[in-house]
Each structure stands twice: as C-alpha cells, then as structure tokens.
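Chemist: My questions will all concern the structure given below.
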C-alpha cells in the first residue's frame, strides 16, 4: 500500500511538548527564550519531563534525575535501566500495522531494498543470538568496518540489545586510521564488508579486512559481509547471511536486555591535535534522553502518527560521521529511515549532483539532511532541483558539518519553491561527535535568518565566552557549555584517571565544557558558528587530528616536517593548505605532490587530501617543539602576526616571515575571488 506522506506535521513537535508541559506540569512560557532558560536552570525538572513526555520505561525507578557533581562527574538517572534497541522496537507493531517500512535503502546500482519492522525485529534477534553463540558477552566490544547499509543498522541494534559496545569505521578510511581506532578498544568480534561500490566503481576491500584482522590481535571472530566487489574469497568464522537467517521460537521471543542507564552503548572517535584519536564512550541512557530532547528541535515524528503520517527521514552520511547515528535515531522516533550508499556527486568521470535529490524524490522523503558542503556544491554545479523529480513531500532541509553560507541557503529555498514545495524550513544545526548531540539548531516556530541557526537547544547551556572567560552577546567567542548534558562522554576508553578527557574539554575552563568552536549568539537567540577555534581539521563534518595527517605525510622518507591548517571560518568552505619541509635535493613537483596526496588517501581518507601543498624551509615551532598550527591559522584568517604569536616563545621566529608573506598573498587572492 502506498501511503502518501503529509506535506508537513500539523503541529510542530516542540509545540506538542509545550502543550504537554502546560497540561501535565502546569508550566507555560511566553517565549522560547523563557523555555530555554528553564531547561538549563532546572535540570532535574527538564530532563525528567523528557523522560516522561517520551514515555521511557524502566523496570527499576531512578533514585534521582542527576547527581550534580562538577563536570564531567555528573551521574544521570541512577538506578534506571534502558536499552536503545528496546526504544526502537516499541514502534514495530504500530508502524507495521499502518503499512510503514522501517528502512528503505538504495545505492549507486539502483538496488532498492525495503525492510519491514517485523523483519528488522527478527534480524536484530537473530544476530544478537548469533553473537552470543560466538562467545560475546555484555561489555565486550564489537567493531564494524561497514558502509551505510541496513546490515550496519541491524548489527548495531543487535549489539545494543545484549549490552555489547559498538564501534564502526567507514570503508573509505585507510587501514592505518581504522587500526589506530579499533586497536585501542580491543574488539572481540570484527564485522566487515569485503567490498563496496562507490563513485561508479567496485572497490575491493578484502585485503584491507585481512590486514585489519592481522593488526587486531584481540579479534577472535570475523563476521564477513560478502559482496560482489571483492577480488578474493577470504576466510571467516561466520557469514552475515547465515548469522541473520534464524527464524524460530528463540527469535520470536527475544527481548533486549535491560541495561544500567550508564552502560556503554558505543565508542566514537574525535581527534585532537596530538596523539591517537580519542575513543569516546557514550552511555545508553544519556544517548537516548538527549536524542529525544534534540528530536523536539528536529521536528521528527512517527510515520504512523496522524500528526506526521508517512514521515521518511534521510540524512546523507557515511558510517564514519556522527550523522549516521542521527540517521539511525529516526527509528527510535518511529519514522521510516531512507539510507543511500554511494557517492552523492556521482563519479569522477560523470559528476552528478542530482543523485541525492532524485533519491529523495523517488522515495518520498519528508526530511532531507546533508553536509553544508553538499548544498554548496549543488549550487556551484548549477543544479536545477526541479529537474530531479517530485520533491513536494520534502518539508525540511537539514544542514550541518560546517556553516551553511547565506547565499547557499537562499539558493536552496528558491530551488525548492521552484520545484513546487509549499514551504521550506532549513534545519541548520551544530553539535558534535564528542557528545553525540546538538548545541544550537532549529525551531519550527521561530523566524529564520539565512546563514544563522535559530536557537540554542533545550537543555544545552551554551554561551559565547570572550578571552576573559565572560559570556558575551553579539560578539564572537569560544563556544562553552556551562551545565552538564546527559550524552556527554562517560569517559575515554583506556584513559587513566580521566586525564585526556579533562585536558580535551575542561582544561581551559575547569568544570565548563569548551567545545573548540567560535560562536556568536545574537540578542534574538540566533547563533552563528564560525569554525574551529583550535587546530582540529573539519572536512564536511568529519574531524581529523592533525597528528594523523602528520603520521601519514611524515612517514614518507622525502618529508622531514609538515604542518596543516584548516581555514573554515565565517561560512567559508574548508580550505586546507599543507606545508612541507622536504629533504635536501627533493623538489615539490607533481610526482611528489601525488605521492603526498596518495599517502593521505591510503592512510586516512580522500576527504583529507589538502587543497594545496607548499614547500617551506621551516615549520614554526615553540621553544618546547610544538608546531604553531593555531597561530598560523589565525594569521591566514587575517589577524596581525603580533597578536597571534609570541616570537620570544618560539624556537625559530625567523620562519614567520615566509608565512606572513604567504598570508598577504592568500588574502589578496581570496579578496579577488570574492
């Protein structure tokens, strides 16, 4: 049966919540600002309201909402028990009865698969039981090397259902980058695909899977997802197809386990400027409660609800980006999720920025999200969205990963209206892998200003702080969060005494989360994110520590030293120059550039190939030997050299002259291009 989705929910989700607060709690607010201030002032009342409004269940009551210790020591809902998979599957019967599928998947080959809610439930049960038979127990880690396909979603939900800790890396990441992540967490099982199809090409990953198996001594079992794209048949302890084939009384009666609120759910990775990627551990309950709070802003409803009938949610992402987790959350809201596995730009030989728009039209998507850079590229390519099919059901366009320029938002709005859309709501958000949530974003009932985010999220006590650590309005400052959020990390895996956790987020302002972004909060509550305030690389929403790039580049015998900066700021696209010091007699010719780029592609990902490479005599360093990434970044963003660096604290202050001259040339070129 083909159910035509409603063009938009009759009542925004955040309005339904406020009506409930009024009717059930006797609390009402005359403005969003008043509601937000209550949510970040009375934390117990707000977070209990989220639990109750979304009807979360626990067989044992929580003794309190939070044990309020200075961040990061806050404990949430002690005594309560939850399970992410249980929250998803409670929608199964109602959604199926309404004729709504759970997952619709598509790919570059046009292979469309539709998974029903009962089938999702059966496969989760089958794979959970298979994991138990492989010797996996609660608290073990399962690592996945998988693309954005239904198998990945089933595998995660099965892990969650039995209290196994999940971690995934995308197959576009290089072997070294994957090993650097997975080796830290010592997984017992590896689930891997032996090939993928991307950018119009079949890509063999069988050799990589063998390398991963060899480099991860903790792995006892390999579960292989076989594809037609592998060049060789590799051995494994289990095959995916057989592991999910079970359909008997055990699968029919399977129930997800009740887990402590702070039981680990998954490990994601965020990179700083030094050392290995940070393995961030989130808790089951914290992710669920914060996901529901964010959902009020997301304005995402159940596909079987009269208010959001036919809801279909798509946010284009790889499995290596936190937006994959966001896409997954659509199931917990009871919506149908639509996933695409492939290159959103077609192939190198035949660029095609209409791929996702046609996917959205074909599958009647109601909520379409992607990285800001994607929409920018569509505009630059001269795409005519109206030529991509019937987009009248799209009621929301989501953007994140980097600031969405004002002109791109205006372009997208005009394109949608020309395509016959009756309304266009841009849901521009900014959050982070680190706490797997949103800090600032959208509100269905607030005015929209292109280039801005509409508000701070409920429960997110976000402020902009100046250099004196004072909150400012109408000025650019450091993005800080002054109150705890349930989805902040439990800890970093293997982090003795929380040393790295504290230094990553709480060193600058003890007891206050410093996120590493520049933000301006307006008088009206609207927010603009201006890019990273530290030296971390952010390419289309995927963060990478500079140390990982240096490891790849400086592993080449010709490269003595290197430095990279990312100039994403004030809505600009990411521009990432790489500076290299080469061995005497080695020139930076086309062959050397190709070798450097290939090293980054192979070790990390094609996403982190620099825009330009420059040969320099020296990399500026402090007296202690630290590369001066942030001062050079600020210099290239237009700040005067005397304000960004203390020459007396440098080991080689003479090296700065080249960078000052380069900054002047860069500024002139940027001005001419504008």
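In the working numbering, the protein residues as written are 468 to 1141.
From the three backbone atoms N, C-alpha and C, an ideal C-beta is built for every residue, glycine too.
1) Restricting to Cα atoms, I'd like to know which of 508, 643, 773 and 1010 is closest to residue 787.
2) Can you tell me where the beta strand (DSSP E) holding residue 997 begins and where it ends?
3) Can you give the Cα-Cα distance for residue 472 and residue 735, rounded to whole angstroms?
4) Can you tell me where the alpha helix (DSSP H) holding residue 563 begins and where it ends?
5) Name the one or two DSSP bridge partners that residue 1131 has.
6) List the residues that DSSP assigns as beta-bridge partners of residue 533.
7) Have a look at residue 947 and residue 975 and give me their C-alpha separation to the nearest angstrom.
8) Within its chain, find whatever has a CB closer than 6 Å to the CB of residue 979; leave out the 5 residues flanking it on each side and keep chain order.
9) Check this for me: beta carbons of residue 1025 and residue 479, under 8 Å apart or not?
10) Let me check you understand the geometry: is the CB of residue 1110 closer than 7 Å to at least one non-hydrogen atom of the ligand COA?
11) For residue 665, report the span of its alpha helix (DSSP H) as first-last.
12) DSSP three-state call for residue 1012: helix, strand or coil?
13) Expressed to the nearest angstrom, what Euclidean distance is found between the alpha-carbon atoms of residue 836 and residue 866?
14) Please classify residue 1082: does DSSP put it in a helix, a strand, or coil?
15) To which residues of the same chain is residue 528 closer than 8 Å at the C-beta, ignoring the five residues directly before and after it?
16) If you run the structure through DSSP and keep just helix, strand and coil, what is residue 730?
17) For the alpha helix (DSSP H) holding residue 846, just list the boundary residues, first then last.
18) Is residue 981 helix, strand or coil by DSSP?
19) With the cut-off set at 8 Å, would you say residue 1029 and residue 1085 are in Cβ contact?
20) So residue 642 is in the beta strand (DSSP E); what residue range does that whole segment cover?
21) In three-state DSSP terms, what is residue 826?
22) Taking contact to mean 3 or more Cβ pairs, one atom from each stretch, closer than 8 Å, check whether the region 628-637 and the region 601-611 are in contact.
23) Suppose you measure from the CA of residue 1005 to the CA of residue 1074; what does that come to, to the nearest Å?
24) Taking only three categories from DSSP, how would you classify residue 1119?
25) From the DSSP output, in three-state form, read off residue 903 for me.
26) What separation, rounded to the nearest whole angstrom, lies between the Cα atoms of residue 474 and residue 564?
27) Is the beta carbon of residue 1088 closer than 8 Å to that of residue 1119?
28) Taking residue 800 and residue 769 to be in contact with their CB atoms under 8 Å, please state how far apart those CB atoms are, rounded to whole angstroms.
29) Output needed for residue 951: all residues of its chain with C-beta closer than 6 Å, excluding positions within five of it in sequence on either side, in chain order.
30) For residue 506 and residue 860, what's the separation of their Cα atoms in angstroms?
31) Put residue 933 into one of helix, strand or coil per three-state DSSP.
32) Within the continuous alpha helix (DSSP H) that includes residue 500, where are the two ends?
33) Leaving out five residues on either side along the sequence, give the residues of the same chain with a beta carbon under 8 Å from the beta carbon of residue 817.
34) What are the boundary residues of the beta strand (DSSP E) that residue 805 is part of?
35) Would the region 1052-1072 and the region 956-974 be scored as touching if the rule is three or more Cβ pairs under 8 Å?
36) Kindly list the residues whose CB is nearer than 7 Å to the CB of residue 916, restricted to its own chain and excluding five residues on each side of it in sequence; keep chain order.
Modeler: Once the coordinates are examined:
1) Walking along the chain shown from the start, residue 787 turns up at place 320. Of 508, 643, 773 and 1010, the residue nearest in Cα terms is 1010.
2) Numbered from 1 along the chain shown, position 530 holds the residue referred to as residue 997. Residues 994-999.
3) For the purposes of this step, residue 472 is taken as the residue at position 5 of the chain shown. For the purposes of this step, residue 735 is taken as the residue at position 268 of the chain shown. Confidence is the limiting factor: at residue 472 the pLDDT is only 47, short of 50, which leaves the residue's position unreliable and the question unanswerable from this model.
4) Along the chain shown, one-based indexing puts residue 563 at 96. Unbroken alpha helix (DSSP H) run through residue 563: 559-564.
5) Locating residue 1131 in the chain shown gives position 664, counting from the first residue. Residue 1131 pairs with nothing; no bridge assigned.
6) Sequence index remark: in the chain shown, residue 533 carries index 66 (1-based). Per DSSP, 543.
7) Along the chain shown, read from residue 1 onward, the residue named residue 947 stands at position 480. Along the chain shown, read from residue 1 onward, the residue named residue 975 stands at position 508. In a straight line, the C-alpha of residue 947 is about 10 Å away from that of residue 975.
8) Start at 1 with the first residue of the chain shown, and residue 979 comes out as number 512. Here the set comprises 947 and 949.
9) Counting from one through the chain shown, the residue named residue 1025 turns up at place 558. Counting from one through the chain shown, the residue named residue 479 turns up at place 12. Taking 8 Å as the Cβ cut-off, residue 1025 and residue 479 do not qualify as a contacting pair.
10) The ligand COA is absent from the structure shown, which contains no ligands of any kind.
11) Along the chain shown, one-based indexing puts residue 665 at 198. Unbroken run through residue 665 is the beta strand (DSSP E), 662-665; no alpha helix (DSSP H).
12) Numbered from 1 along the chain shown, position 545 holds the residue referred to as residue 1012. Coil.
13) For the purposes of this step, residue 836 is taken as residue 369 along the chain shown, with counting starting at 1. For the purposes of this step, residue 866 is taken as residue 399 along the chain shown, with counting starting at 1. Going by the C-alpha atoms only, they are around 6 Å apart.
14) Position 615 of the chain shown, counting from 1, holds the residue named residue 1082. In this structure, residue 1082 counts as strand in the three-state DSSP scheme.
15) To locate residue 528, count along the chain shown from 1; it is residue 61. For residue 528, where only same-chain residues beyond five positions count, the Cβ hits under 8 Å are 546 and 547.
16) Reading the chain shown from its first residue, position 263 is the one you call residue 730. Three-state result, residue 730: coil.
17) Start at 1 with the first residue of the chain shown, and residue 846 comes out as number 379. Run containing residue 846: 839-847, per the alpha helix (DSSP H) assignment.
18) On the chain shown, residue 981 is found 514 positions in, with the first residue counted as 1. If DSSP states are grouped into helix, strand and coil, residue 981 belongs with the strands.
19) In the chain shown, the residue the question calls residue 1029 occupies position 562. In the chain shown, the residue the question calls residue 1085 occupies position 618. No, Cβ-Cβ distance for residue 1029 and residue 1085 is not below 8 Å.
20) Working through the chain shown from its first residue, we reach residue 642 at position 175. Segment 642-652 is the alpha helix (DSSP H) holding residue 642; no beta strand (DSSP E) there.
21) The residue you call residue 826 lines up with position 359 of the chain shown. It is helical.
22) yes
23) Taking the first residue of the chain shown as 1, we reach residue 1005 at position 538. Taking the first residue of the chain shown as 1, we reach residue 1074 at position 607. If you take the alpha carbons of residue 1005 and residue 1074, they lie about 10 Å apart.
24) On the chain shown, position 652 is the one that residue 1119 refers to. In this structure, residue 1119 counts as coil in the three-state DSSP scheme.
25) The residue labelled residue 903 in the question sits at position 436 within the chain shown. Here residue 903 sits in coil by DSSP.
26) Residue mapping note: residue 474 aligns to position 7 of the chain shown, counting from 1. Residue mapping note: residue 564 aligns to position 97 of the chain shown, counting from 1. Because residue 474 carries a pLDDT of 49, less than 50, the predicted location of this residue cannot be relied on, and the following value inherits that uncertainty. So the alpha carbons of these two residues sit roughly 21 Å apart.
27) Position 652 of the chain shown, counted from the start, is the residue given in the question as residue 1119. Position 621 of the chain shown, counted from the start, is the residue given in the question as residue 1088. Yes, they are a contact pair.
28) Within the chain shown, residue 800 is the residue found at index 333, counting from 1. Within the chain shown, residue 769 is the residue found at index 302, counting from 1. Going by Cβ atoms, the distance from residue 800 to residue 769 rounds to 6 Å, so yes, they are a contact pair.
29) Here residue 951 is taken as the residue at index 484 of the chain shown, counted from 1. Closer than 6 Å at Cβ, skipping near neighbours: 538 and 541.
30) As a first step, residue 506 must be located in the chain shown, where it is residue number 39. As a first step, residue 860 must be located in the chain shown, where it is residue number 393. If you take the alpha carbons of residue 506 and residue 860, they lie about 33 Å apart.
31) What you label residue 933 is simply residue 466 of the chain shown in a count that begins at 1. DSSP places residue 933 in coil when its eight states are reduced to three.
32) For the purposes of this step, residue 500 is identified with residue 33 of the chain shown, where counting begins at 1. Counting along the chain, the alpha helix (DSSP H) containing residue 500 begins and ends at 499-508.
33) Stepping through the chain shown from its first residue, residue 817 is reached at position 350. Only 667 meet the Cβ criterion.
34) Taking the first residue of the chain shown as position 1, residue 805 is located at position 338. From DSSP, the beta strand (DSSP E) with residue 805 extends over 803-808.
35) no
36) Position 449 of the chain shown, counted from the start, is the residue given in the question as residue 916. The answer, listed in chain order, is 993.
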